[in-house]
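What follows is one structure encoded as structure tokens, with my remarks underneath.
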Ligand SMILES: [Zn+2]
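Numbering (this note's numbering), first residue to last: 130 to 272.
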């Protein structure tokens, strides 16, 4: 059974693949899913979300990243990341307790995802008018 609580944190996980400068919540790094000459891959260190502006590789957490990076399926990735619990020896009570804990972790995860998506949207909304202002002020004047 997958237990999200056992996943490594995004900082530790992505640190194996990328050299991050500073301790920011979001990093842009050279993408590992396409031949990237710039830093096109945006990584959210809190939620683990990632998105590439070059090749559109994207996912909601390190588990998505791990599957795409390694080609492993969901269960294999969970096991690979140490987030798979063997429940075959559990009593029904143990299994129920475990499920409850895992569901709680999933709810918290979903709440964080909603928050991260909201923050992304707000960031985009703050950014787009700024770009529009810059490009309109650079437009040649015809008066
Ligand atoms: Zn890419």
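Where is the CB? At the ideal position from N, CA and C, for every residue including glycine.
This one's a predicted model, so the numbers in the text were calculated from it and none came from an experiment.
Inset, instruction - Starting from the N-terminal side, write out each stretch of the beta strand (DSSP E) that is 3 residues or longer and does not extend beyond the segment 170–215. - result: Those beta strand (DSSP E) runs which fall completely within the segment 170–215 and span 3+ residues are 170–173, 179–181.
Inset, instruction - Can you have a look at residue 160 and say buried or exposed, based on whether 16 or more other CB atoms are within 10 angstroms of its CB? - result: Here residue 160 is buried: its Cβ has 16 or more other Cβ atoms, across all protein chains shown, within 10 Å.
Legend entry - Classification of residue 149 by the beta-carbon crowding that lies within 10 angstroms, buried from 16 upward: Residue 149 comes out exposed.
Inset, instruction - Answer yes or no: do residue 156 and residue 183 have a C-beta to C-beta separation smaller than 8 Å? - result: Going by C-beta atoms, residue 156 is not nearer than 8 Å to residue 183.
Legend entry - Check: residue 165 C-beta below 7 Å from any heavy atom of ligand 1: Remark: the C-beta of residue 165 is in contact range of ligand 1, defined as less than 7 Å to any heavy atom.
Legend entry - Alpha-carbon spacing of residue 250 relative to residue 180, whole angstroms: Looking at the two C-alpha atoms, the distance is approximately 14 Å.
Legend entry - Distance cut-off 7 Å: residue 162 Cβ against heavy atoms of ligand 1: Yes, since a heavy atom of ligand 1 falls inside the 7 Å radius drawn around the Cβ of residue 162.
Legend entry - Contact check, residue 175 vs residue 245, beta carbons under 8 Å: Yes, the Cβ-Cβ distance between residue 175 and residue 245 is below 8 Å.
Legend entry - For residue 156, the first and last residue of its enclosing beta strand (DSSP E): For residue 156, the enclosing beta strand (DSSP E) stretches over residues 155–158.
Inset, instruction - Compare the C-beta of residue 189 against all C-beta atoms of chain C and say whether one is closer than 8 Å. - result: Here there is only one protein chain, and chain C is not present.
Legend entry - For residue 131: DSSP bridge partner residues: Its beta-bridge partners are 213.
Legend entry - residue 168 versus residue 147: straight-line alpha-carbon distance, rounded: In this structure, the straight-line span from the alpha carbon of residue 168 to that of residue 147 is close to 11 Å.
Inset, instruction - With a threshold of 16 other CB atoms inside 10 Å of the CB of residue 194, please say whether the residue is buried or exposed. - result: With 16 or more other Cβ atoms from the protein chains shown falling within 10 Å of its own Cβ, residue 194 counts as buried.
Legend entry - Reduced DSSP category for residue 151 - H, G, I as helix; E, B as strand; rest coil: DSSP places residue 151 in coil when its eight states are reduced to three.
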